[in-house]
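Okay, structure first, notes after.
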Amino acid sequence: MKHLLLKLEPIIWLLFGGGILVGTLLLPGYLLTVGLAGPLGWLPEDALSWERLHGMVSHPIGGLLFRVVLLALIALPLWKGAHHLRHFLIDMGGGARDAAVAPLLYLVAAAGSLAAIAAVVRL
Amino acid sequence: MAQPAHPHAMAPSRPGRTRTAPPMKPGTWPTSPRYLTYLAFDFTGLVYLLVGLVALRAAWALGSGPEAWARLQAQFANPLYVAFHALTLAAVIFVGVRFFRLFPKAQPARIGPAKPPPRPVLHAMLYAAWIGITAGLVAVLGGIIP
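Protein sequence lines, in the order shown, are assigned to chains G and B. Under this note's numbering, the letters of the first sequence match residues 1 to 123, in that order. Under this note's numbering, the letters of the second sequence match residues 124 to 269, in that order.
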């Protein structure tokens, strides 16, 4: 498993770097609206309505862009999270358990990414 | 109090002819502000992992129809979710500030004939992109742009 992880290291690093850069660029806008302003009632009533958002994803041109952004917003932070959490656990003295923990974390990120692809396709 | 570090830390691939002392981890390391900040940066991994899964749930609910979306909206209004999203926003800003400070330093000196812009310009470009993308998303998702 350690050998496989070393072989996959460039791909994992690419996804991790994408997670830091793209995730950090996209997440504040999502969190400010969907996570905070919407639930706290600071937005117009229909801003986050299903009809409006579904209309946006169903748009012939903008819909594709919306889906790609949504996929990046979900999948890339998962890889950033898995890789950084792995290194946090190593730094906290969990180096001996890395052979078991690392595949588990990357499995969560991979499964989440596949589910994200399915989620944006079925929108 | 100094502690022994990992025995293979910084070990050369082949033993040299000169004998060297085993590496020692300074005893003050775990409480050093720089190390704590580094650990906090690593710990944001858990926040990113969780927010990715919550965003996945939101996308799934959006694809499941108006009832599922309304249920999710009601759950997001729970103070625990609001606190989680506020904490996540703080973590993302922390990651952004730290990473964007590092990013220009990590660029290669040149790629073929092309040289990257000076570090302050690159730094400013990252912040401009960050603010612009955030403003754009807020405008679209927040209903400012119909």
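For every residue, glycine included, the Cβ atom is placed at its ideal position computed from N, Cα and C.
Unbroken alpha helix (DSSP H) stretches of 4 residues or longer found wholly inside the region 140-208 of chain B: 156-187 and 189-199, given in chain order. Not flagged as an interface residue toward chain B: residue 106 of chain G, since no C-beta distance is shorter than 9 Å.
When only Cα atoms are considered, residue 224 of chain B and residue 246 of chain B end up about 7 Å apart. With respect to chain B, the C-beta atom of residue 46 of chain G has a partner C-beta closer than 9 Å. With contact defined as three or more Cβ pairs closer than 8 Å, the region 26-40 of chain G and the region 145-161 of chain B are not in contact. Following the DSSP letters along the chain, one finds residue 249 of chain B inside the alpha helix (DSSP H) bounded by residues 242-264.
Taking 8 Å as the upper bound for CB-CB distance, residue 84 of chain G and residue 167 of chain B are in contact here, some 6 Å apart. Scanning G:117, G:30 and G:61 for the CA closest to the CA of residue 253 of chain B turns up G:30.
Under the three-state reduction of DSSP, residue 74 of chain G is assigned to helix.
With a threshold of 9 Å between beta carbons, residue 101 of chain G makes no contact with chain B.
When C-beta distances to chain G are compared with 9 Å, the residues of the region 200-211 of chain B below that value are 200, 201, 204, 205, 207, 208, 209 and 211, in chain order.
It is roughly 7 Å from the alpha-carbon of residue 88 of chain G to the alpha-carbon of residue 162 of chain B. When Cβ-Cβ separations below 9 Å define contact, residue 196 of chain B makes contact with chain G. Chain G places a beta carbon closer than 9 Å to that of residue 258 of chain B, counting this residue as a contact.
Only exposed fits residue 46 of chain G, as fewer than 16 other CB atoms lie within 10 angstroms of its CB.
Close to chain B, meaning a Cβ-Cβ distance shorter than 8 Å, are the following residues of the region 9-24 of chain G: 19, 20, 21, 23 and 24. Legend: CB atoms of the region 172-186 of chain B lying less than 7 Å from CB atoms of chain G belong to residues 172, 174, 175, 176, 178, 179, 181, 182, 183, 185 and 186. Chain-order list of chain B residues neighbouring residue 97 of chain G: empty, with the shortest C-beta distance near 15 Å, by a criterion of under 9 Å. Residue 148 of chain B and residue 154 of chain B have their C-alpha atoms spaced approximately 12 Å apart. In this structure the region 183-202 of chain B lies against the region 49-59 of chain G, because at least three pairs of beta carbons, one per stretch, are closer than 8 Å.
With 16 or more other Cβ atoms from the protein chains shown falling within 10 Å of its own Cβ, residue 178 of chain B counts as buried. Between residue 208 of chain B and residue 70 of chain G, the gap from beta carbon to beta carbon reaches 9 Å or more.
The Cβ of residue 2 of chain G sits no closer than 9 Å to any Cβ of chain B. At a cut-off of 9 Å, the C-beta of residue 244 of chain B has no neighbouring C-beta in chain G. With contacts defined by Cβ atoms closer than 9 Å, residue 19 of chain G and residue 112 of chain G do not form a contacting pair. For residue 34 of chain G, no alpha helix (DSSP H) encloses it, and the DSSP letter there is neither H nor E. Under the three-state reduction of DSSP, residue 216 of chain B is assigned to helix. For residue 82 of chain G, the residues of chain B that pass the 8 Å Cβ criterion are 168 and 172, in the order they occur in the chain. Per the C-alpha coordinates, the member of B:239, B:192, B:164 and B:260 positioned closest to residue 91 of chain G is B:164.
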